[in-house]
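> After the structure tokens below, expect a handful of questions from me.
Number of protein chains: 2
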Amino acid sequence: MPNKTHTDNRDDAGRLAAGTGSAPLYKQLAADLQHKLESGQFGANAPLPAERDLALTYQVSRDTVRKAIRLLEEQGVLYSDHGRGTFAAPESVRQMSRFLDSFTEDTINRGGTPGQNILLMEAVPANMAIASVLHVETSTPLLRIKRVRLMNGAPVGLQDSYLKLPAGAVLQRGELERRGSLYRILIEDLGIKPSESLESVGAVAAQPDEAGLLGVAPGTPLLICERVMLSDRREPVEYCEMRYVPSYRYKTRISKWSLD
Amino acid sequence: MPNKTHTDNRDDAGRLAAGTGSAPLYKQLAADLQHKLESGQFGANAPLPAERDLALTYQVSRDTVRKAIRLLEEQGVLYSDHGRGTFAAPESVRQMSRFLDSFTEDTINRGGTPGQNILLMEAVPANMAIASVLHVETSTPLLRIKRVRLMNGAPVGLQDSYLKLPAGAVLQRGELERRGSLYRILIEDLGIKPSESLESVGAVAAQPDEAGLLGVAPGTPLLICERVMLSDRREPVEYCEMRYVPSYRYKTRISKWSLD
DNA sequence: TAGTGGTCTAGACCACCCC
DNA sequence: GGGTGGTCTAGACCACTAG
Chain A
0 MPNKTHTDNR DDAGRLAAGT GSAPLYKQLA ADLQHKLESG QFGANAPLPA ERDLALTYQV
60 SRDTVRKAIR LLEEQGVLYS DHGRGTFAAP ESVRQMSRFL DSFTEDTINR GGTPGQNILL
120 MEAVPANMAI ASVLHVETST PLLRIKRVRL MNGAPVGLQD SYLKLPAGAV LQRGELERRG
180 SLYRILIEDL GIKPSESLES VGAVAAQPDE AGLLGVAPGT PLLICERVML SDRREPVEYC
240 EMRYVPSYRY KTRISKWSLD
Chain B
0 MPNKTHTDNR DDAGRLAAGT GSAPLYKQLA ADLQHKLESG QFGANAPLPA ERDLALTYQV
60 SRDTVRKAIR LLEEQGVLYS DHGRGTFAAP ESVRQMSRFL DSFTEDTINR GGTPGQNILL
120 MEAVPANMAI ASVLHVETST PLLRIKRVRL MNGAPVGLQD SYLKLPAGAV LQRGELERRG
180 SLYRILIEDL GIKPSESLES VGAVAAQPDE AGLLGVAPGT PLLICERVML SDRREPVEYC
240 EMRYVPSYRY KTRISKWSLD
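Residue numbers (numbering that gives the first Met the number 0), protein chains in the order written: chain A, 0 to 259; chain B, 0 to 259.
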């Protein structure tokens, strides 16, 4: 296959772009297939062409086709059954993201407008519990950020976040107000790449102060989500407690059954 | 590589078993690596041998090594960084299952003894909402199972499940009481293979009847989890509402960050 | 039996990280 | 520069499903 350095995905014959400048072939193929699936070319549970046919069509190896299919399978866009074929996933599955979203992205995905009201943003010493989960000594200074999160202007949640910042890193309140998403700043400005998060979800009653901030009656059931976020080096970087009003739902897709 | 039909994983030289009767090489390799990791041969974030070295050691192709590594990566057992190496995941990540567990398995994983108290088990006509999610006509008969779930004898949750059974399938109350796990029966007896579930999690206040069954005060915040379970053909099979007491936590690991 | 996805190989080159 | 993981290929054979 000739090397090209297109920014476009396709050459004149409709083949995928190769070469050092472009995305991996299997990602291009996945994007192409996803586009076809989302444009409604395949109904729910409709079969896709066989892997060998796709390889011929796109002029790539079958292994590359399989990588693209596995990628889309992880995203819930399609699924493969041994001996039967590969099929378009039903709409209900396709909409559910299994991945980690920031509040900002999640809200946009739900069709809402995200907002925030920063209640507090200051350096605090780590208490024993938080020091333990973030792998630091007690009293190590952490950046605490307490925010009311808004959807379409209405309060939906309280976020209380403790951040272990790299030495010398600075995060200004104005910057957070301007950008909205804390994670975007971590990624783009501070070089912190989140890789995984460990979450624990439960229910609690709203305390009077929390109730006031969220505009609900004290004692109202709240969804509480505690999260430890890990960097790409698997260093714990953030501990966060989120309390959401009852109308807010936490949605997820779980795949693969642990029973064999 | 010679074909063998061992039930054992290794031959005399310590190589993995090949041949038609044995598990895929990459799964054997993954099991072997996982065992080494769990036995503490590698500390948190300790580097594993390079892929090429593992391939030599185990006498398999590098691609097979990569498949094994990807499998363990999905399970949170290890992680790979481009250009740096492959590393043992920290203990906190390793413990979190990202997969679908039944209440029975989940409770066992937490070190508890699961139990149940079947409140109701009968055929009921589907109402509009449930008919919609299960893709059946209104009034189609469904099997409704309402249970109090127990951990170490104490009530921790209410499960209200609506099942679309295959024509002619029968599920006896005594069978469920004896086996404990509904999903085991679905898989082993009815040929229903769960593949994915879509979940929505939130918080609600306990109603008087629910409070009585769970042994909490009315108005106590409960964690509510609604679930639609899909078969391997992506047919919705079960709609289930679960309400858990505040002490019960729903834990999960989320990987891959949606921002690139 | 024909067609599908699943596993496996051997080798090549690219991209990234760190010394 | 030397080592690491990431991508890609061409071909072979196995395992499963369905008509």
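C-beta atoms are modelled at their ideal positions from N, C-alpha and C, and glycine is treated no differently.
Starting from the beta carbon of E195 (chain A), find every residue of chain B whose beta carbon is closer than 7 Å, and list them in chain order.
By one-based count along the first sequence, residue 195 (chain A) stands at place 196. Neighbours of E195 (chain A) on chain B, chain order: V92, R252, I253, S254.
> Going by DSSP, what residue range makes up the alpha helix (DSSP H) through T63 (chain A)?
The residue labelled residue 63 (chain A) in the question sits at position 64 within the first sequence. Residues 61-73.
> For my contact list, L197 (chain A) and V92 (chain B) are in at a C-beta cut-off of 8 Å; report their separation, rounded to the angstrom.
For the purposes of this step, residue 197 (chain A) is taken as residue 198 along the first sequence, with counting starting at 1. For the purposes of this step, residue 92 (chain B) is taken as residue 93 along the second sequence, with counting starting at 1. Confirmed, about 7 Å.
> Start and end of the beta strand (DSSP E) containing G84 (chain A)?
On the first sequence, residue 84 (chain A) is found 85 positions in, with the first residue counted as 1. Here the beta strand (DSSP E) through G84 (chain A) covers 84-87.
> In chain A, which residues lie less than 8 Å from E198 (chain B) when you measure between Cβ atoms?
Taking the first residue of the second sequence as 1, we reach residue 198 (chain B) at position 199. Within chain A, the residues near E198 (chain B) are K250, T251, R252, I253.
> Within 7 Å (strictly less), CB to CB, does M150 (chain A) reach chain B?
Mapped onto the first sequence, residue 150 (chain A) falls at position 151. False, the Cβ-Cβ gap to chain B never drops below 7 Å.
> Closest by CA to G152 (chain A), which one among A:T137, A:G114, A:I186?
Against the first sequence, residue 152 (chain A) aligns to sequence position 153. Out of A:T137, A:G114, A:I186, A:G114 has the C-alpha closest to the C-alpha of G152 (chain A).
> Just to make sure I have the definition right: I need the residues of chain B whose C-beta is within less than 8 Å of the C-beta of Y247 (chain A). Which are they?
Here residue 247 (chain A) is taken as the residue at index 248 of the first sequence, counted from 1. The answer, in chain order, is G201.
> Please classify G201 (chain A): is it buried, with 16 or more other beta-carbons within 10 angstroms of its beta-carbon, or exposed?
Within the first sequence, residue 201 (chain A) is the residue found at index 202, counting from 1. Burial call: buried.
> Tell me the rounded alpha-carbon separation between H5 (chain B) and R61 (chain B).
Taking the first residue of the second sequence as position 1, residue 5 (chain B) is located at position 6. Taking the first residue of the second sequence as position 1, residue 61 (chain B) is located at position 62. For H5 (chain B), the pLDDT reaches just 32, beneath the cut-off of 50, and the residue's location in the model is therefore unreliable, leaving the point undetermined.
> Check Q94 (chain B) in the structure and name its three-state DSSP category.
The residue labelled residue 94 (chain B) in the question sits at position 95 within the second sequence. If DSSP states are grouped into helix, strand and coil, Q94 (chain B) belongs with coil.
> Take every Cβ of the region 198-218 of chain A, pair it with every Cβ of the region 216-234 of chain B, and state whether three or more of those distances are shorter than 8 Å.
With a cut-off of 8 Å, the region 216-234 of chain B and the region 198-218 of chain A count as touching, because enough Cβ pairs lie within range.
> Comparing alpha-carbon positions, which option in A:L119, A:L118, A:E104 lies nearest P112 (chain A)?
Position 113 of the first sequence, counted from the first residue, corresponds to residue 112 (chain A). The residue asked about is misnamed: residue 112 (chain A) is Thr in this sequence, not Pro. Among A:L119, A:L118, A:E104, the Cα nearest to that of T112 (chain A) is on A:E104.
> Assign T85 (chain B) to buried or exposed, taking buried as 16 or more other Cβ atoms, counted over all protein chains shown, within 10 Å of its Cβ.
For the purposes of this step, residue 85 (chain B) is taken as the residue at position 86 of the second sequence. So T85 (chain B) counts as buried.
> Excluding the five sequence neighbours on either side, which residues of its own chain have a C-beta within less than 7 Å of the C-beta of Y247 (chain A), listed in chain order?
Within the first sequence, the letter at position 248 stands for residue 247 (chain A). Counting only Cβ-Cβ distances below 7 Å, and skipping sequence neighbours, we find V155, G156, L222.
> Nearest chain B C-beta to A204 (chain A) closer than 7 Å, yes or no?
As a first step, residue 204 (chain A) must be located in the first sequence, where it is residue number 205. Yes, A204 (chain A) lies at the interface with chain B (some Cβ there is under 7 Å from its Cβ).
> Residue range of the beta strand (DSSP E) that G201 (chain B) falls in?
Numbered from its first residue, the second sequence carries residue 201 (chain B) at position 202. First-last of the beta strand (DSSP E) with G201 (chain B): 193-204.
> Show which residues of chain A have a CB atom less than 8 Å away from the CB atom of M241 (chain B).
The count along the second sequence starts at 1 and reaches residue 241 (chain B) at position 242. By Cβ distance, chain A contributes nothing, its closest Cβ being about 12 Å from M241 (chain B), past 8 Å.
> Using beta carbons (cut-off 7 Å, strictly below), is M95 (chain B) in contact with chain A?
Translated into positions along the second sequence, residue 95 (chain B) becomes position 96. Yes, M95 (chain B) lies at the interface with chain A (some Cβ there is under 7 Å from its Cβ).
> Name the residues in the region 213-225 of chain B whose C-beta lies less than 9 Å from a C-beta of chain A; which are they?
Those residues of the region 213-225 of chain B that come within reach of chain A (Cβ to Cβ, closer than 9 Å) are G218, T219, P220, L221, L222, I223, C224, E225.
> At the 7 Å Cβ level, is T6 (chain B) part of the contact set with chain A, yes or no?
Taking the second sequence and counting its residues from 1, the one referred to as residue 6 (chain B) is at position 7. In this predicted model, T6 (chain B) has a pLDDT of only 32, less than 50, meaning its place in the structure is not dependable; the value taken from the coordinates is given anyway. Not closer than 7 Å to any Cβ of chain A, the Cβ of T6 (chain B) fails to qualify, so no.
> Could you tell me the alpha carbon to alpha carbon distance between V215 (chain A) and R252 (chain B), rounded to whole angstroms?
Within the first sequence, the letter at position 216 stands for residue 215 (chain A). Within the second sequence, the letter at position 253 stands for residue 252 (chain B). Computed Cα separation, rounded: 30 Å.
> Output, in chain order, the set of chain A residues within a Cβ distance shorter than 7 Å of P89 (chain B).
Locating residue 89 (chain B) in the second sequence gives position 90, where the first residue counts as 1. Result: R233.
> Using a cut-off of 9 Å between C-beta atoms, extract the partners of D80 (chain A) located in chain B.
In the first sequence, the residue the question calls residue 80 (chain A) occupies position 81. The answer, in chain order, is D231, R232.
> By the 10 Å Cβ neighbour count, where 16 or more other Cβ atoms means buried, how is P165 (chain B) classified, buried or exposed?
Working through the second sequence from its first residue, we reach residue 165 (chain B) at position 166. Counting Cβ neighbours within 10 Å, P165 (chain B) comes out exposed, since fewer than 16 surround it.
> Indicate whether S230 (chain B) and I191 (chain B) have their beta-carbon atoms separated by less than 7 Å.
Taking the second sequence and counting its residues from 1, one reaches residue 230 (chain B) at position 231. Taking the second sequence and counting its residues from 1, one reaches residue 191 (chain B) at position 192. Taking 7 Å as the Cβ cut-off, S230 (chain B) and I191 (chain B) qualify as a contacting pair.
> From the DSSP output, read off the bridge partner residues of I223 (chain B).
For the purposes of this step, residue 223 (chain B) is identified with residue 224 of the second sequence, where counting begins at 1. Its beta-bridge partners are B:G201, B:R242.
> Straight-line CA distance for G39 (chain B) to S160 (chain A)?
Locating residue 39 (chain B) in the second sequence gives position 40, where the first residue counts as 1. Locating residue 160 (chain A) in the first sequence gives position 161, where the first residue counts as 1. Distance between the alpha carbons of G39 (chain B) and S160 (chain A) is about 33 Å.
> For Y78 (chain B), tell me which candidate among A:E209, A:Q171, A:R232 has the shortest Cα-Cα distance.
Your numbering for residue 78 (chain B) matches position 79 in the second sequence. Minimum Cα distance to Y78 (chain B) is reached at A:R232.
> In terms of residue numbering, what span does the beta strand (DSSP E) encompassing V123 (chain B) cover?
On the second sequence, residue 123 (chain B) is found 124 positions in, with the first residue counted as 1. Residues 113-124.
> Do L141 (chain B) and K163 (chain B) have their C-beta atoms within less than 7 Å of each other?
Translated into positions along the second sequence, residue 141 (chain B) becomes position 142. Translated into positions along the second sequence, residue 163 (chain B) becomes position 164. Against a cut-off of 7 Å, the Cβ pair of K163 (chain B) and L141 (chain B) comes out as a contact.
> If you reduce the DSSP assignment to three classes, tell me which class K145 (chain B) lands in.
As a first step, residue 145 (chain B) is located in the second sequence; it is residue number 146 there, counting from the start. Correct three-state label for K145 (chain B): strand.
> Identify whether R232 (chain B) lies in helix, strand or coil by the three-state DSSP scheme.
One-based indexing of the second sequence puts residue 232 (chain B) at position 233. Coil, per DSSP.
> Count the other CB atoms, across all protein chains shown, that sit within 10 Å of the CB of S254 (chain B); report buried if there are 16 or more and exposed otherwise.
Translated into the one-based positions of the second sequence, residue 254 (chain B) becomes position 255. Buried, because 16 or more other Cβ atoms sit within 10 Å of the Cβ of S254 (chain B).
> Does the CB of N44 (chain A) have a neighbour CB from chain B at under 7 Å?
Taking the first sequence and counting its residues from 1, one reaches residue 44 (chain A) at position 45. Yes, N44 (chain A) counts as interfacial toward chain B.
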